[in-house]
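Data first, discussion second: the structure below is written as structure tokens.
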Amino acid sequence: MSGTSIVSARERALAVLGGEPDDATLRRYLHGIPGIDAVGLEQRAAGLGTRSIKTTSKRWALDRIISLIDLTTLEGADTPGKVRSLVAKAMTPDPADPTSPRVAAVCVYGDMVPFAVDALGAAHGDPDDGLVSVAAVATAFPSGRASLAIKLADTADAVAAGADEIDMVIDRGAFLAGRYGEVFDQIVQVKEACRRPDGSAASLKVILETGELNTYDNVRRASWLSILAGGDFIKTSTGKVSPAATLPVTLLMLEVVRDWHLATGQRIGVKPAGGIRSSKDAIKYLVTVAETVGEEWLRPHLFRFGASSLLNDVLLQRQKLATGHYSGADYVTID
Amino acid sequence: MSFLEYAPAPESRAILSLRDSYGLFIDGEFVDGRGTPFQTISPASEERIATISNANEADVADAVAAARRAYDNVWSRMSGRDRGKYLFRIARLVQERARELAVAESLDNGKPIKESRDVDVPLVAAWFFYYAGWADKLDHAGLGANPRSLGVAAQVIPWNFPLLMLAWKIAPALAAGNTVVLKPAETTPLTALIFAEILQQADLPAGVVNIITGAGDTGATLVAHDGVDKVAFTGSTAVGRAIAKQIAGTDKKATLELGGKAANIVFDDAPIDQAIEGIVNGIFFNQGHVCCAGSRLLVQENIHDEVVERLKLRLSTLRLGDPLDKNTDVGAINSKEQLERIRELSDVGVAEGADRWSAPCVIPENGFWYAPTIFTNVQTSSRIAREEIFGPVLSVLTFRTPAEAIAKANNTPYGLSAGIWSDKGSRILAVADQLRAGVIWANTFNRFDPASPFGGYKESGYGREGGRHGLAAYLAPSAVGRGAAQSSLAAPATAKPIETADAAPKRTRRAAQRRQTDSATKGTKR
Numbered sequence: 001m002s003g004t005s006i007v008s009a010r011e012r013a014l015a016v017l018g019g020e021p022d023d024a025t026l027r028r029y030l031h032g033i034p035g036i037d038a039v040g041l042e043q044r045a046a047g048l049g050t051r052s053i054k055t056t057s058k059r060w061a062l063d064r065i066i067s068l069i070d071l072t073t074l075e076g077a078d079t080p081g082k083v084r085s086l087v088a089k090a091m092t093p094d095p096a097d098p099t100s101p102r103v104a105a106v107c108v109y110g111d112m113v114p115f116a117v118d119a120l121g122a123a124h125g126d127p128d129d130g131l132v133s134v135a136a137v138a139t140a141f142p143s144g145r146a147s148l149a150i151k152l153a154d155t156a157d158a159v160a161a162g163a164d165e166i167d168m169v170i171d172r173g174a175f176l177a178g179r180y181g182e183v184f185d186q187i188v189q190v191k192e193a194c195r196r197p198d199g200s201a202a203s204l205k206v207i208l209e210t211g212e213l214n215t216y217d218n219v220r221r222a223s224w225l226s227i228l229a230g231g232d233f234i235k236t237s238t239g240k241v242s243p244a245a246t247l248p249v250t251l252l253m254l255e256v257v258r259d260w261h262l263a264t265g266q267r268i269g270v271k272p273a274g275g276i277r278s279s280k281d282a283i284k285y286l287v288t289v290a291e292t293v294g295e296e297w298l299r300p301h302l303f304r305f306g307a308s309s310l311l312n313d314v315l316l317q318r319q320k321l322a323t324g325h326y327s328g329a330d331y332v333t334i335d
Numbered sequence: 001m002s003f004l005e006y007a008p009a010p011e012s013r014a015i016l017s018l019r020d021s022y023g024l025f026i027d028g029e030f031v032d033g034r035g036t037p038f039q040t041i042s043p044a045s046e047e048r049i050a051t052i053s054n055a056n057e058a059d060v061a062d063a064v065a066a067a068r069r070a071y072d073n074v075w076s077r078m079s080g081r082d083r084g085k086y087l088f089r090i091a092r093l094v095q096e097r098a099r100e101l102a103v104a105e106s107l108d109n110g111k112p113i114k115e116s117r118d119v120d121v122p123l124v125a126a127w128f129f130y131y132a133g134w135a136d137k138l139d140h141a142g143l144g145a146n147p148r149s150l151g152v153a154a155q156v157i158p159w160n161f162p163l164l165m166l167a168w169k170i171a172p173a174l175a176a177g178n179t180v181v182l183k184p185a186e187t188t189p190l191t192a193l194i195f196a197e198i199l200q201q202a203d204l205p206a207g208v209v210n211i212i213t214g215a216g217d218t219g220a221t222l223v224a225h226d227g228v229d230k231v232a233f234t235g236s237t238a239v240g241r242a243i244a245k246q247i248a249g250t251d252k253k254a255t256l257e258l259g260g261k262a263a264n265i266v267f268d269d270a271p272i273d274q275a276i277e278g279i280v281n282g283i284f285f286n287q288g289h290v291c292c293a294g295s296r297l298l299v300q301e302n303i304h305d306e307v308v309e310r311l312k313l314r315l316s317t318l319r320l321g322d323p324l325d326k327n328t329d330v331g332a333i334n335s336k337e338q339l340e341r342i343r344e345l346s347d348v349g350v351a352e353g354a355d356r357w358s359a360p361c362v363i364p365e366n367g368f369w370y371a372p373t374i375f376t377n378v379q380t381s382s383r384i385a386r387e388e389i390f391g392p393v394l395s396v397l398t399f400r401t402p403a404e405a406i407a408k409a410n411n412t413p414y415g416l417s418a419g420i421w422s423d424k425g426s427r428i429l430a431v432a433d434q435l436r437a438g439v440i441w442a443n444t445f446n447r448f449d450p451a452s453p454f455g456g457y458k459e460s461g462y463g464r465e466g467g468r469h470g471l472a473a474y475l476a477p478s479a480v481g482r483g484a485a486q487s488s489l490a491a492p493a494t495a496k497p498i499e500t501a502d503a504a505p506k507r508t509r510r511a512a513q514r515r516q517t518d519s520a521t522k523g524t525k526r
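Note that the protein sequences, when read in sequence, are chains A and B.
Residues 1 to 335, numbered by this note's numbering, are exactly what the first sequence covers, in order.
Residues 1 to 526, numbered by this note's numbering, are exactly what the second sequence covers, in order.
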């Protein structure tokens with residue numbers, strides 16, 4: 001799904017915007033999008049959260065959640081050893097149950113990519129083939145406060161080391177100051193830095209950091225901006241800012257993705273990240289995806305959970321379905 | 001498998017312990033009615049639920065007499081504080097038995113369990129809590145000091161929100177010091193009868209609330225009864241008009257909450273996704289069996305096609321089916337008669353040239369069902385744009401300017417509710433100012449709160465329910481109430497205002513309070 005070439009993305013942006021993607025044109029476009037009523041949005045999200053997913057549906061949902069997880073470690077204290085442990089968990093989530101699917105990807109800092117690639121070995125590849133991808137956060141994650149040159153080098157490094165996916169952050173300062181052209185441009189250039197020598201490209205997830213954008217109107221504008229600039233995925237948060245992913249914000253981003261698909265036929269992915277810890281919450285997200293953009297979005301190239309502790313809760317629920325009783329934290333492994 | 005075909009998630013009926021047959025609840029006891037009993041059925045399956053007594057004229061007289069006795073001897077003399085205690089107790093019992101009430105409501109009415117569980121029953125408790133707080137503050141109801149209760153209230157309620165309408169009627173009546181004879185609708189008597197059990201559990205003095213079941217003639221007999229001081233009715237405009245004629249020339253007071261054909265106005269700057277949700281909620285909530293439903297969508301012409309497209313996409317995700325399944329969005333139509341009326345008016349819409357589109361739902365074999373339907377190309381002169389359909393049918397009309405929107409919205413014999421969708425606050429206020437509707441929602445729809453008065457203009461009825469206004473409808477200024485006058489004739493020595501106790505010496509008053517507290521708190525345990 002690295003499908004869209006930069007040229008066509010730019011052309012499409014020009015066609016949609018009706019002009020060069022500078023501050024004024026983008027402002028005109030983004031501020032012309034219908035607004036969001038916060039109360040109504042939250043009410044709808046709460047309504048979707050009341051769906052009751054039982055028996056066979058629950059079984060399917062739990063397995064699907066696992067296969068949509070970006071198993072994540074993003075700590076200053078990360079070491080090759082920690083990453084190897086994470087990768088082992090990603091490949092074999094439940095040692096007691098080989099039927100458990102693998103997660104979609106491991107998500108690490110750029111300098112940890114070589115160790116992740118190495119640890120995955122033959123299991124490194126496309127999640128659609130039952131393999132595990134490597135995602136790297138880049139562009140001076142999480143704040144994004146660095147020069148463009150540094151951000152591009154950060155990205156290129158990670159791609160060269162074997163990252164399949166790049167999770168970049170937008171410049172929230174520039175966005176809030178109304179410098180939409182700058183944000184647009186940076187995404188375009190990072191996308192360019194995702195290219196490999198063979199012409200293929202790493203998939204680009206654009207992190208909006210919704211907790212810093214503060215309003216739903218801002219989130220909607222940033223979503224459109226990121227998609228116009230060529231992002232393959234829009235992602236809620238770094239996980240370093242509170243609030244991180246919420247159901248209303250994810251619903252809103254899914255609505256943008258739905259509208260973009262209706263308008264252009266192109267499918268963009270959505271990744272809520274941070275704060276989703278329980279199976280129950282994750283199932284609410286699956287319901288929201290299925291009822292907003294459709295069930296076809298529930299695959300690794302179009303939807304991901306950025307999470308670390310979620311996996312173990314899903315495994316516990318999975319064991320409960322298999323055995324009929326709850327086990328405990330010591331019946332799943334720490335990574 | 002398809003994830004969206006969610007596995008069945010039925011709410012268990014095991015929580016219900018229904019009787020095979022129910023009597024009339026008169027003077028604190030269940031007694032057999034003297035009319036011909038009838039069956040109440042589940043509209044989703046047409047299976048029989050229970051046999052229900054039918055109150056004839058003699059039964060109505062008994063109920064009114066019981067209410068009068070309770071009024072004269074107990075309720076009108078009780079302090080507001082103690083009446084409040086009973087109401088608080090009822091509210092808590094409703095919460096305790098919430099799941100049971102929700103299951104019974106969905107079974108008998110056909111509405112989805114998620115609505116009875118998340119909307120109806122919580123609002124019922126909220127109504128009792130709210131009016132419980134008013135019971136000892138009647139001086140602030142806006143009628144001056146020491147307002148009087150009216151006496152015996154005859155209350156006739158519809159089948160669309162059986163228990164909620166009961167709460168809207170009973171809670172303010174009791175808080176104000178009246179006693180009640182209530183008749184639930186013929187097709188949905190079940191929760192009212194379970195509520196009668198709750199009243200027994202709450203130890204409410206016998207006769208303060210009487211619940212009699214039967215059809216329209218029972219209601220008419222009740223309304224016509226001489227011993228009734230106040231009539232409160234929610235239902236169709238035709239019946240409301242008949243009641244108004246019936247009580248003309250008597251000194252019965254009345255509040256009538258009747259039909260509606262609400263305009264839901266969507267401007268081109270509306271928050272579009274939330275507006276779509278609001279339109280869906282406005283007309284498909286409770287299968288459209290809502291008097292304040294947003295059944296006329298007025299959409300600005302320049303976004304008409306987009307709104308209709310999005311609406312169709314959204315309606316295609318609605319789940320129609322077993323009301324007791326927790327994932328059901330659209331339940332059963334309440335009765336065969338209502339289904340026939342919806343079908344008839346829809347066919348009229350097609351005959352008049354409107355375009356019908358129905359959501360692709362699988363209709364169950366048994367029971368009464370109607371798929372969510374929208375009509376486009378509807379003219380203001382179409383019957384489906386004029387008459388209340390009271391079903392899941394939306395008529396879409398367009399407008400070009402705010403002035404046209406206002407004119408079209410007001411061009412109806414009704415005036416119960418309206419909705420406005422716009423991102424521009426000043427426009428919302430300006431338009432709301434000119435709409436002739438009792439309730440106006442801005443960027444939302446079908447939201448209810450016990451503190452907010454509800455009622456209509458024109459053929460939507462008169463009087464208000466809810467809030468201070470709803471309380472005042474059960475009160476008269478000091479020394480005017482007919483009921484109070486009667487009771488002072490009957491028992492001149494004791495029919496003093498309930499606040500008299502406050503003038504008593506401190507010690508006596510405390511002792512009296514203690515006694516009242518004891519009597520009002522015992523019996524809360526089941």
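For every residue, glycine included, the Cβ atom is placed at its ideal position computed from N, Cα and C.
Contacts that residue i makes with chain A (C-beta to C-beta distance below 9 Å)
{"i": "TYR6/B", "result": "ARG51, SER52, ILE53, LYS54, SER57 and VAL287"}
{"i": "GLY84/B", "result": "Neighbours of GLY84/B on chain A: none; closest Cβ ~32 Å, over 9 Å."}
{"i": "THR444/B", "result": "ASP37, VAL39, GLY40 and GLN43"}
Beta-bridge pairing of residue i - partner residues as DSSP gives them
{"i": "TYR6/B", "result": "Answer by DSSP bridge pairing: none, since TYR6/B is not bridged."}
{"i": "LEU394/B", "result": "ILE374/B"}
{"i": "THR333/A", "result": "DSSP output for THR333/A lists no bridge partner at all."}
{"i": "ALA163/A", "result": "BP columns for ALA163/A are empty, so no partner."}
{"i": "ARG59/A", "result": "Looking at the DSSP assignment, ARG59/A forms no beta bridge with any residue, so it has no partner."}
{"i": "GLN39/B", "result": "THR51/B"}
{"i": "GLU257/B", "result": "THR234/B and GLY461/B"}
{"i": "THR72/A", "result": "CYS107/A"}
{"i": "ALA273/A", "result": "GLY306/A"}
{"i": "SER133/A", "result": "ALA105/A"}
Amino acids of chain B, ordered along the chain, whose beta-carbon sits closer than 8 Å to that of residue i
{"i": "LEU71/A", "result": "Near LEU71/A there are no residues of chain B at all, since even the closest Cβ is about 22 Å away, more than 8 Å."}
Sequence-distant residues of its chain with Cβ nearer than 6 Å to residue i (five each side left out)
{"i": "ARG19/B", "result": "none"}
{"i": "PHE30/B", "result": "GLY23"}
Chain-ordered neighbours of residue i on chain A, where CB pairs are closer than 7 Å
{"i": "PHE267/B", "result": "Those do not exist, as PHE267/B stays about 10 Å from chain A at its closest Cβ, beyond 7 Å."}
{"i": "GLU277/B", "result": "GLY40 and ARG44"}
Contacting residues, own chain, Cβ-Cβ under 7 Å from residue i (five flanking each side not counted)
{"i": "ARG51/A", "result": "VAL287"}
{"i": "GLY207/B", "result": "ASP27, GLY28, ALA66, ALA67, ARG69, ALA70 and THR179"}
{"i": "GLU291/A", "result": "LEU48"}
{"i": "ALA140/A", "result": "ALA146, ILE150, LYS151 and ASP154"}
{"i": "TRP369/B", "result": "LEU320, ALA332, ILE333 and ILE363"}
Residue i versus residue j: straight-line alpha-carbon distance, rounded
{"i": "ALA98/B", "j": "GLY219/B", "result": "28 Å"}
{"i": "ALA504/B", "j": "GLY177/B", "result": "Note that ALA504/B scores a pLDDT of 39, beneath 50, so its modelled location is shaky and nothing firm can be said."}
{"i": "ARG64/A", "j": "LEU311/A", "result": "11 Å"}
{"i": "SER382/B", "j": "GLU352/B", "result": "7 Å"}
{"i": "PHE175/A", "j": "THR72/A", "result": "27 Å"}
{"i": "ASP313/A", "j": "PRO114/A", "result": "29 Å"}
{"i": "GLY240/B", "j": "ALA263/B", "result": "22 Å"}
Residue i: contacting residues in chain B (beta-carbon distance under 7 Å)
{"i": "VAL11/A", "result": "The sequence given here has Glu at residue 11/A, not Val. Per Cβ cutoff of 7 Å: no residues; GLU11/A is ~25 Å from chain B at best."}
{"i": "LEU302/A", "result": "What LEU302/A touches in chain B: nothing, since even the nearest Cβ is about 14 Å away."}
{"i": "VAL132/A", "result": "None at all; the shortest Cβ gap to chain B is about 23 Å."}
{"i": "GLU255/A", "result": "ASP273"}
Chain A contact residues for residue i, given Cβ-Cβ distances below 8 Å
{"i": "THR317/B", "result": "GLU291"}
{"i": "GLU352/B", "result": "Per Cβ cutoff of 8 Å: no residues; GLU352/B is ~32 Å from chain A at best."}
{"i": "ALA9/B", "result": "SER52, ILE53 and LYS54"}
### Message
Report the start-end ranges of each beta strand (DSSP E) in the segment 404-478 of chain B that is 3 residues or longer and not cut off at the edges.
### Response
417-421 and 439-442
### Task
Scan the segment 198-234 of chain A and note each continuous alpha helix (DSSP H) run of 4 residues or more that stays entirely inside, going in chain order.
210-213 and 216-228
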